[in-house]
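Have a look at the structure below before the remarks.
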Amino acid sequence: MKQKAITISLIKKNNNIEDNAAEQRMTSLEVAELTGKQHKNVMQAIRNMEPAWEKVTGLKFQLCEKSYLLANGVTKKQPFYQLTKTECLYIATKFNDEARARLVLRWQELEMDQREALEWERWKAQSLRDWYLFYEDV
């Protein structure tokens, strides 16, 4: 299976690395790619499920937009959703077993990547502290 590069946004909750530095989100574009569905159908499923989600949580899904400049000079706008893990797994209930499995495995991969990034940041911070303390004594 050929892997494609996919952009996931990280939204900073605060500046403290120790406090789970970022909340990961997956776009509806990635959901469509992972599940083999057309993006317009994923968007429709999300729109259909949003009223029930809003009734239970009091929140709507985060709707975003990308702009593309086409070769003819026309700007095309593409709406998409940015979903938290919980929102994404809720949406996944609309999909078949194989599509749900792909989404669950992707979230597992994202969480592993985030843990590794946090460990790297902690290591860098500790190294800088050690370096500073060493040269402060010299």
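When you read off a place in the sequence shown, starting at 1, and then add 17, the result is the number in the numbering used here.
The beta carbon of each residue, even a glycine, is placed where N, CA and C say it ideally should be.
Quick caveat: nothing in here was measured; it's all calculated off a predicted structure.
Spatial neighbours of residue i in its chain, beta-carbon cut-off 6 Å, leaving aside the 5 residues before and after
i: K19; result: Its pLDDT being 42, under 50, K19 is placed unreliably in this model, and the coordinates cannot settle the point.
i: S144; result: none
Short Cβ contact (8 Å threshold) for residue i with residue j
i: Y98; j: S45; result: yes
i: Q61; j: E82; result: no
i: E67; j: K57; result: no
i: A49; j: V59; result: yes
Contacts around residue i, its chain only, beta-carbon distance under 7 Å, and the 5 residues preceding and following it disregarded
i: T80; result: For the sequence presented, residue 80 should be read as Leu rather than Thr. Correct list, in chain order: P96, Y98.
i: L87; result: K93
Extent of the continuous alpha helix (DSSP H) to which residue i belongs
i: Q55; result: From DSSP, Q55 is part of no alpha helix (DSSP H); its letter is neither H nor E.
Residue interval of the beta strand (DSSP E) (run including residue i)
i: L80; result: 79-86
i: T92; result: 92-100
Cutoff 8 Å; reference residue i; Cβ partners in own chain excluding five residues on either side
i: Q125; result: none
i: A116; result: L51, T52, G53, K54, A109
i: Y107; result: M66, W70
Supposed contact pair residue j and residue i - C-beta distance, whole angstroms, cut 8 Å
i: C105; j: L127; result: Wrong, their Cβ atoms sit about 10 Å apart, outside the cutoff.
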